[in-house]
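J.: Just dropping this structure here.
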Amino acid sequence: MQLSIQQVQLVNAERADLDALEAIETLSFVTDRISRRSFKRFIDQHIGDFKVARYNGQTIGYYIVLYRQATELARLYSLAVHPDFRRRGVGRLLLDAAEHDADERYCLFMRLEVKTDNMAALKMYHHAGYYDMEIRPEYYEDDSDALVLQKLLPRFEKSDLDNGNANLVPYRTQTTEFTCGPASLLMAMAYFDIPCRDAHHEELEIWREATTIFMTSGHGGCGPHGLARAAVKRGLNVELHVSEPGPLLLDSVRSADKKQIMSRIQEADIAALKRAKVPIIVGDYTLSQLIHDLNQGKLVVALISTYVFDESKAPHWVLICAADEHYVYINDPDQDTFPWQSPADRQYLPIPLATFRRAFGFGKRKQRAAVVLSRA
Numbered sequence: 001m002q003l004s005i006q007q008v009q010l011v012n013a014e015r016a017d018l019d020a021l022e023a024i025e026t027l028s029f030v031t032d033r034i035s036r037r038s039f040k041r042f043i044d045q046h047i048g049d050f051k052v053a054r055y056n057g058q059t060i061g062y063y064i065v066l067y068r069q070a071t072e073l074a075r076l077y078s079l080a081v082h083p084d085f086r087r088r089g090v091g092r093l094l095l096d097a098a099e100h101d102a103d104e105r106y107c108l109f110m111r112l113e114v115k116t117d118n119m120a121a122l123k124m125y126h127h128a129g130y131y132d133m134e135i136r137p138e139y140y141e142d143d144s145d146a147l148v149l150q151k152l153l154p155r156f157e158k159s160d161l162d163n164g165n166a167n168l169v170p171y172r173t174q175t176t177e178f179t180c181g182p183a184s185l186l187m188a189m190a191y192f193d194i195p196c197r198d199a200h201h202e203e204l205e206i207w208r209e210a211t212t213i214f215m216t217s218g219h220g221g222c223g224p225h226g227l228a229r230a231a232v233k234r235g236l237n238v239e240l241h242v243s244e245p246g247p248l249l250l251d252s253v254r255s256a257d258k259k260q261i262m263s264r265i266q267e268a269d270i271a272a273l274k275r276a277k278v279p280i281i282v283g284d285y286t287l288s289q290l291i292h293d294l295n296q297g298k299l300v301v302a303l304i305s306t307y308v309f310d311e312s313k314a315p316h317w318v319l320i321c322a323a324d325e326h327y328v329y330i331n332d333p334d335q336d337t338f339p340w341q342s343p344a345d346r347q348y349l350p351i352p353l354a355t356f357r358r359a360f361g362f363g364k365r366k367q368r369a370a371v372v373l374s375r376a
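The sequence shown begins at 1 in UniProt numbering and counts up one residue at a time.
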């Protein structure tokens, strides 16, 4: 079919496009299709950037770009073209427009996933300047593998994290709502080649060793001294930075009995760290110190408040993998509940320095903790 690419219009998706979108999805994908209900939700709730390509009044393709609050990462959630209009530049037109949308939102990277055997899509993305980050085994419904690709958007200068050759820290999602600290430690262990026979079991073992019991409602979270102690036990070099001496994270606990139990547990961890001659440095762990440690090949498990990301005041552990003069890059082990989110959204998340400053620490007194890890 003849097509003049100059006559293709890109407009915001509307409910009137649903029939065409459903047909394009059915013709383009065998598994992991976006349902009509999901298309409708993206349109009605104005989730991300959702645009369609129209030619002579016919909807012939679409793209959806999603964003995560307080980060500089865009994800190309889906892009598809009707088979009758492929190989005519429509896909590249959609991709360029998707990148422009993300660039206008001041995003640093565009990231996406593609089936490893989808050679036509891979050729288009590679030709557009995307590089391969990693393979995610059994990612799709049919157990096929996904290749994660990434591109630095035009507004930004070339970055060391954009060269396609970086030794990335492996990503792991926490398997419970209370094991963000253990999951972060497991990612660091994988990066430093510390063997782990059963990661799921080890995640719970680390939690048992490091929990403060009453730090959150329900199951307790992990304290910095306990995580540092668990890291030492597993063969890592550890340096612990805390904003004040003694037990932390007691302020949000009202019960005096619970506070006493938390204090006793953390005091036991502090005593064990001192016996192991692990440095416990009290004071402000600055961004300059963080960048210095990362440049020395270390990783940092840091305590943050999630408020700037999802407006919930919860303590949360993340793994800081890299930093530069503009961004801190984190692996966030948090389990997201939305079906359109993926692990690729949470690996090497670029967080602006000003945003990270607000997030680093927890509670009214902004108690801070950083477990600095390196290979033994």
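Using N, Cα and C, we set each Cβ at its ideal position, and we do this for glycine too.
Run through the UniProt domain "N-acetyltransferase" (8–154) for me and flag every whole beta strand (DSSP E) of 3 or more residues, listed as ranges in chain order.
T.: 9–12, 49–55, 58–67, 73–81, 109–115, 131–136 and 146–152
J.: Measure from the C-beta of I330 to each C-beta in chain D and report whether the shortest distance is under 8 angstroms.
T.: Going by chain labels, chain D is absent from the structure shown, which holds only one protein chain.
J.: With a threshold of 16 other CB atoms inside 10 Å of the CB of C196, please say whether the residue is buried or exposed.
T.: exposed
J.: Let me know the alpha helix (DSSP H) ranges lying completely inside the region 201–259, each 4 residues or longer, listed in chain order.
T.: 224–233
J.: Determine the DSSP secondary structure at R368, reduced to helix, strand or coil.
T.: In this structure, R368 counts as coil in the three-state DSSP scheme.
J.: Could you check where the alpha helix (DSSP H) with C196 kicks off and where it finishes?
T.: Unbroken run through C196: none, as it is neither H nor E.
J.: Using C-beta distances below 7 angstroms, list every residue in its chain close to V114, excluding the 5 sequence neighbours before and after it, in chain order.
T.: So the qualifying residues of the chain are A121, L122, Y125, A146, L147 and L149.
J.: Mark N12 as exposed unless 16 or more other C-beta atoms lie within 10 angstroms of its C-beta, in which case mark it buried.
T.: The residue is exposed, with fewer than 16 neighbouring Cβ atoms inside 10 Å.
J.: Using CA atoms only, rank isn't needed, just tell me which of P154, F85 and T26 is closest to R54.
T.: F85
J.: Give every residue of the same chain whose Cβ lies closer than 6 angstroms to the Cβ of I281, excluding the five residues on either side of it in the sequence, and list them in chain order.
T.: H241
J.: A230 and L185: beta carbons closer than 8 angstroms?
T.: yes
J.: Short check: CB of I24 to CB of Y62, under 8 angstroms?
T.: yes
J.: Please go through the same chain and pick out, in chain order, the residues whose beta-carbon is closer than 7 angstroms to the beta-carbon of A376, but skip the five residues on each side of it.
T.: G235, L236 and N237
J.: For V318, list the residues DSSP reports as bridge partners.
T.: A302
J.: Bridge partners for A323 per DSSP, in chain order?
T.: V328
J.: Are the CB atoms of A276 and residue 377 within a distance shorter than 8 angstroms?
T.: There is no way to answer for residue 377, as the model of the chain reaches only from 1 to 376.
J.: Would you mind reading off the limits of the alpha helix (DSSP H) that contains L186?
T.: C180 to Y191
J.: Would L249 and G223 be called neighbours here (beta carbons separated by less than 8 angstroms)?
T.: Going by C-beta atoms, L249 is nearer than 8 angstroms to G223.
J.: If we count the other Cβ atoms within 10 Å of its Cβ and call it buried at 16 or more, is residue 443 buried or exposed?
T.: Residue 443 falls outside the range modelled here, since the chain spans only 1 to 376, and no answer is possible.
J.: Can you tell me which of E244, D49, S35 and S28 puts its alpha carbon nearest to the alpha carbon of I60?
T.: S28
J.: Which one or two residues does DSSP pair with R375 in a beta bridge?
T.: Its beta-bridge partners are L236.
J.: Once DSSP output is grouped into helix, strand and coil, what is the label at V278?
T.: coil
J.: Could you tell me if Q45 is buried or exposed, where buried requires 16 or more neighbouring beta carbons within 10 angstroms of its beta carbon?
T.: Its Cβ having fewer than 16 others within 10 Å, Q45 is exposed.
J.: Would you tell me roughly how many angstroms separate the C-alpha atoms of R37 and A20, rounded to the nearest one?
T.: Their Cα atoms are separated by approximately 14 angstroms.
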